[in-house]
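K.L.:
There are 2 protein chains.
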Amino acid sequence: MKESELNGSEMIESDLEDAEVKESERPYQKMLDSFREGILSGRLRPGDRLEPERELASRLGISRNSVREGLRALELIGLVSSRQGSGNFVSVNFDGTMTDMLTAMYYLKGLNEEQVTEFRFCLEWEAMHLAVERAEKEQKQRALEALRMLEEATTEDERIRYDKAIHEAMVEASHNDFLITNYRALTSFMDTYFKSMRRRIIQGMESRHELEMSHRLLAEGMAEGNLVKGLRGLRSHFEFIERYK
Amino acid sequence: MKESELNGSEMIESDLEDAEVKESERPYQKMLDSFREGILSGRLRPGDRLEPERELASRLGISRNSVREGLRALELIGLVSSRQGSGNFVSVNFDGTMTDMLTAMYYLKGLNEEQVTEFRFCLEWEAMHLAVERAEKEQKQRALEALRMLEEATTEDERIRYDKAIHEAMVEASHNDFLITNYRALTSFMDTYFKSMRRRIIQGMESRHELEMSHRLLAEGMAEGNLVKGLRGLRSHFEFIERYK
DNA sequence: AGAAATTTGTTCGTATGTATA
DNA sequence: TTATACATACGAACAAATTTC
Numbered sequence: 002m003k004e005s006e007l008n009g010s011e012m013i014e015s016d017l018e019d020a021e022v023k024e025s026e027r028p029y030q031k032m033l034d035s036f037r038e039g040i041l042s043g044r045l046r047p048g049d050r051l052e053p054e055r056e057l058a059s060r061l062g063i064s065r066n067s068v069r070e071g072l073r074a075l076e077l078i079g080l081v082s083s084r085q086g087s088g089n090f091v092s093v094n095f096d097g098t099m100t101d102m103l104t105a106m107y108y109l110k111g112l113n114e115e116q117v118t119e120f121r122f123c124l125e126w127e128a129m130h131l132a133v134e135r136a137e138k139e140q141k142q143r144a145l146e147a148l149r150m151l152e153e154a155t156t157e158d159e160r161i162r163y164d165k166a167i168h169e170a171m172v173e174a175s176h177n178d179f180l181i182t183n184y185r186a187l188t189s190f191m192d193t194y195f196k197s198m199r200r201r202i203i204q205g206m207e208s209r210h211e212l213e214m215s216h217r218l219l220a221e222g223m224a225e226g227n228l229v230k231g232l233r234g235l236r237s238h239f240e241f242i243e244r245y246k
Numbered sequence: 002m003k004e005s006e007l008n009g010s011e012m013i014e015s016d017l018e019d020a021e022v023k024e025s026e027r028p029y030q031k032m033l034d035s036f037r038e039g040i041l042s043g044r045l046r047p048g049d050r051l052e053p054e055r056e057l058a059s060r061l062g063i064s065r066n067s068v069r070e071g072l073r074a075l076e077l078i079g080l081v082s083s084r085q086g087s088g089n090f091v092s093v094n095f096d097g098t099m100t101d102m103l104t105a106m107y108y109l110k111g112l113n114e115e116q117v118t119e120f121r122f123c124l125e126w127e128a129m130h131l132a133v134e135r136a137e138k139e140q141k142q143r144a145l146e147a148l149r150m151l152e153e154a155t156t157e158d159e160r161i162r163y164d165k166a167i168h169e170a171m172v173e174a175s176h177n178d179f180l181i182t183n184y185r186a187l188t189s190f191m192d193t194y195f196k197s198m199r200r201r202i203i204q205g206m207e208s209r210h211e212l213e214m215s216h217r218l219l220a221e222g223m224a225e226g227n228l229v230k231g232l233r234g235l236r237s238h239f240e241f242i243e244r245y246k
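Chains U and X are the protein sequences, given in the same order. Position in the first sequence counted from 1, then plus 1, gives you my numbering. Position in the second sequence counted from 1, then plus 1, gives you my numbering.
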């Protein structure tokens, strides 16, 4: 509508209007810009309710359909959650999007297991450095408890579960949300599309009791604040992956 | 919202309805599922054109507006690009979304510069390991050329530019798209919201000629395939950041 | 407890701009 | 240049869930 007006007018004006035209890109982009501004300014905080869709539409000068396109996009990336009859709310929920993105990268960019492992190692390596400094008691206990369960485990599924739990506790203990979010997305992706790999590794390790050894170093190193020990466990774990992938 | 349905109805039914509930999700979710299926099955490849919106709508049994909500969401995360009059195309373009997510994490989760630096270090540390093994001639040359320009640079803006170029070449040389995408998003985020930090670091380094020293080690280490040298440069760089952040 | 108001969920119809053969 | 196919965008309407009084 507005576009037709602009296109209908002479080109000479368009330069002058550039700033305005830029502003009035796609309608749903306006919605996104408005949201971004709210976040960056601190006006919008997690849990806050957005204006009603109709209000947003009229304030931004776009249709409700366009507002909704923006809302759905924000919902998809985990920044908004919509409740029928109630409203749209600011939310912070990136895990799903991250997983989707890593998954899409894997499939669309033709990646392979090696790159996944490299990335995972990258995250865990740094996480260990931070974890030995920052781990809370709860996280240390969780790691040690999972280690105990791992050593007592009798089935493969149990081993997989406690293996994961140890790594998760360690990464969480890093208290770095960039690492944590990426790591969660990566493991979630692996759980869904990579199950066989984790199984092969566990199987290979089991036969040689290297699983317990590396995880003992890893969990205890973190719990004791012993970086060298923790890293040795990590390295031994990934050397194993390298061999059995 | 779906939870409320399930909680409201009896649990006995929910099992039976599971399949049907799955079928009758939200309309725009159907659109996303259809897309996901296409990607995972390999039927949809980057560059491919999607069915026309009307066709999708009728095939999935939803309205065009709902299709469009899904399409806009996919466009936002960089998986679809829409061209009016032409169609919707599969695209692979995560950089913007990644940046948005890191930005949102920073603001909504109350992160700080320290966590950003930790994550950046994490990515670069692993990237260096891979880069010394995999760097192509072009990437080595680009790093060395940027180093030369950095040492000849006279303005702060130039220093910032060539500093960035060296790191970028190194990360790209890792040939790991998980690292690369995260790194690009991180630098893009820093460029937009963190300009002052990079400037402070450059300024601090300038006075002591440590900028050139660490980047020389970094660039040459990578170009020569000398891991120890490269890591020394990286460490010295980040020690500086630690001091001047 | 119940009715009314509010708000999102979803669809349809229509007009219009844009690319392509 | 003209069709045709397609995306863009809006507005109106009703359904469904929630909140409010």
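The beta-carbon is built from N, C-alpha and C at its ideal position, and this holds for glycine as well.
Taking buried to mean at least 16 other C-beta atoms within 10 Å of its own C-beta, is X:S197 buried or exposed?
P.N.:
exposed
K.L.:
In the DSSP assignment, find the beta strand (DSSP E) that holds U:N89 and state where it starts and stops.
P.N.:
88 to 91
K.L.:
With respect to the alpha helix (DSSP H) encompassing U:R185, which residues constitute its N-terminal and C-terminal limits?
P.N.:
178 to 194
K.L.:
If you scan the stretch 37 to 106 of chain U from start to end, which runs of the beta strand (DSSP E) of 3 or more residues do you find wholly inside it?
P.N.:
81 to 84, 88 to 91
K.L.:
Check the Cβ of X:T188 against every Cβ in chain U and list those closer than 9 Å, keeping chain order.
P.N.:
Going along chain U, no residue has its Cβ under 9 Å from X:T188, so there is no contact; the nearest lies around 13 Å.
K.L.:
Mapping the DSSP letters down to three states, classify X:E137 as helix, strand or coil.
P.N.:
Here X:E137 sits in coil by DSSP.
K.L.:
Going by CA-CA distance only, name the one from U:E127, U:L45, U:A147, U:A166 that's closest to U:N177.
P.N.:
U:E127
K.L.:
Output yes or no for whether 8 Å exceeds the beta carbon distance between U:V133 and U:G222.
P.N.:
yes
K.L.:
Quick check: X:I167 and X:A147, are their CB atoms within less than 8 Å of each other?
P.N.:
yes
K.L.:
X:F120 and U:L180: beta carbons closer than 8 Å?
P.N.:
For X:F120 and U:L180, yes; Cβs fall inside 8 Å.
K.L.:
Count the C-beta pairs between the stretch 86 to 96 of chain X and the stretch 83 to 98 of chain U that are closer than 8 Å, then say yes if the count reaches three, no if not.
P.N.:
Inter-segment contact for the stretch 86 to 96 of chain X and the stretch 83 to 98 of chain U is absent: fewer than three beta-carbon pairs are separated by less than 8 Å.
K.L.:
Would you call the CB atoms of X:A144 and X:A220 closer than 8 Å?
P.N.:
yes
K.L.:
Buried or exposed: X:V172, going by 16 or more other Cβ atoms within 10 Å of its Cβ?
P.N.:
With 16 or more Cβ atoms within 10 Å of its Cβ, X:V172 is classed as buried.
K.L.:
Would U:I78 pass as a contact of X:T98 if the rule is Cβ separation under 8 Å?
P.N.:
yes
K.L.:
On the three-state DSSP scale, how would you describe X:T118?
P.N.:
helix
K.L.:
U:D178 versus chain X: which residues are under 7 Å apart at the beta carbon?
P.N.:
Close to U:D178, with beta-carbon spacing below 7 Å, are these residues of chain X in chain order: M106, K110, L112, Q116.
K.L.:
Would you please state the rounded distance, in angstroms, between the beta carbons of X:A74 and U:A74? I believe it to be under 8 Å.
P.N.:
Between X:A74 and U:A74 a beta carbon distance of about 4 Å is seen, short of the 8 Å cut, so the two are scored as contacting.
K.L.:
Give me the Cα-Cα distance between X:M150 and X:T118, rounded to the nearest whole angstrom.
P.N.:
25 Å
K.L.:
Which value, in whole angstroms, describes the spacing of the CA atoms of X:S237 and X:H216?
P.N.:
The straight-line gap from Cα to Cα measures roughly 9 Å.
K.L.:
With a Cβ-Cβ cutoff of 8 Å, do X:Y163 and X:A174 count as a contact?
P.N.:
Between X:Y163 and X:A174, the C-beta gap is not smaller than 8 Å, which leaves the two residues out of contact.
K.L.:
For U:K230, name the three-state secondary structure that DSSP assigns.
P.N.:
helix
K.L.:
Would X:D101 pass as an interface residue toward chain U - the criterion being a Cβ-Cβ separation below 8 Å?
P.N.:
yes
K.L.:
Taking only three categories from DSSP, how would you classify X:E175?
P.N.:
Reading the sequence as shown, one finds Ser at residue 175 of chain X and not Glu. In the structure shown, X:S175 sits in coil (DSSP, three-state: anything other than H, G, I, E or B).
K.L.:
Tell me whether X:H130 sits in a helix, a strand or coil according to DSSP, three-state version.
P.N.:
helix
K.L.:
Which two residues bound the contiguous alpha helix (DSSP H) that contains U:H216?
P.N.:
211 to 225
K.L.:
Pick out whichever of U:Q140, U:S35, U:F239, U:R50 has its Cα sitting closest to the Cα of U:G1.
P.N.:
Nothing in the structure corresponds to residue 1 of chain U, since chain U is present only between 2 and 246.
K.L.:
Any idea if X:D192 is buried or exposed, counting beta-carbon neighbours within 10 angstroms, 16 or more meaning buried?
P.N.:
exposed
K.L.:
Considering only C-alpha positions, which residue in the set U:P47, U:V68, U:E56, U:R46 is nearest to U:D34?
P.N.:
U:V68
K.L.:
In three-state terms, what does DSSP make of X:K110?
P.N.:
coil
K.L.:
Expressed to the nearest angstrom, what Euclidean distance is found between the alpha-carbon atoms of X:V22 and X:K31?
P.N.:
With a pLDDT of 36 at X:V22, under the threshold of 50, the modelled position of that residue is not reliable, and the figure given next carries that caveat. For X:V22 and X:K31, the distance between alpha carbons rounds to 12 Å.
K.L.:
Would you mind sorting U:R244 into buried or exposed? The rule is 16 or more other CB atoms within 10 Å of its CB.
P.N.:
exposed
K.L.:
Less than 7 Å between C-beta atoms, sequence neighbours within five positions excluded: which residues of the same chain meet that for U:R44?
P.N.:
none
K.L.:
Hey, how far is the Cα of X:T182 from the Cα of U:E26?
P.N.:
Rounded to the nearest angstrom, the two C-alpha atoms are 26 Å apart.
K.L.:
Please confirm whether U:R233 has its beta-carbon closer than 8 Å to some beta-carbon of chain X.
P.N.:
no
K.L.:
Give the residues of chain X in contact with U:R69, contact being defined as C-beta atoms less than 7 Å apart.
P.N.:
Neighbours of U:R69 across chain X, judged by C-beta separation under 7 Å: E70.
K.L.:
Run through DSSP, which three-state label would U:E26 get?
P.N.:
coil
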